[in-house]
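Written out below as structure tokens is the structure these notes cover.
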Amino acid sequence: MEIQINTSNNLEGRQATTERLEALVAERLSRFGDRLTRVELHVGDENGERNNGPDIRCQIEARPAGQDPVSVSDQSDTIDQAASGALGKLTTALERTFGKVTNRKGH
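Next comes the structure, spelled out in structure tokens:
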């Protein structure tokens, strides 16, 4: 499973953030590792300098081998919260996707 992290230029500590997010993705998606070819995570500050609501958006696209990509997103006040929320949604979506494949093979 290849992991690619993309952050917007206006986020502080991009290198440390990238390393932390890569470790988080690898840990949370490890059980799907042999079924995923690539995972792309995009993090950006939606509101810039303005303070009106959750402004960090995390979008994750996972590419299961031989299947259509699965994409989810989450918004929150911090990078870690947005990434964790999106990873939770992705885990649910992947369980559903792989469950459907398993059920089809059983019939």
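Residue numbering for the sequence shown follows our numbering, starting at 3 and increasing by one per position.
We put the CB at the ideal spot given by N, CA and C, even for glycine.
This structure is a prediction, so every number in the text was calculated from the model and none was measured.
Quiz prompt | Among R33, D36, F34 and S75, the one whose alpha carbon lies nearest that of E48 | solution = Nearest option by C-alpha distance: S75.
Practice problem: Assuming V41 contacts L31 (C-beta within less than 8 Å), just tell me the rounded distance between them. | Solution: Here V41 really is in contact with L31; their C-beta atoms are around 6 Å apart, less than 8 Å.
Exercise. Step through the CB atoms of chain D and report whether any lies within less than 7 Å of the CB of T93.
Key: Looking at the structure shown, chain D is missing, and only one protein chain is on hand.
Quiz prompt | Contact under 7 Å by Cβ, L38 with A64 | solution = Between L38 and A64, the CB-CB gap stays under 7 Å.
Practice problem: Identify, in the order they occur along the chain, each residue of the same chain with its Cβ nearer than 6 Å to the Cβ of I7, setting aside the five sequence neighbours on each side. | Solution: Contacts found: T20, L23, E24 and L43.
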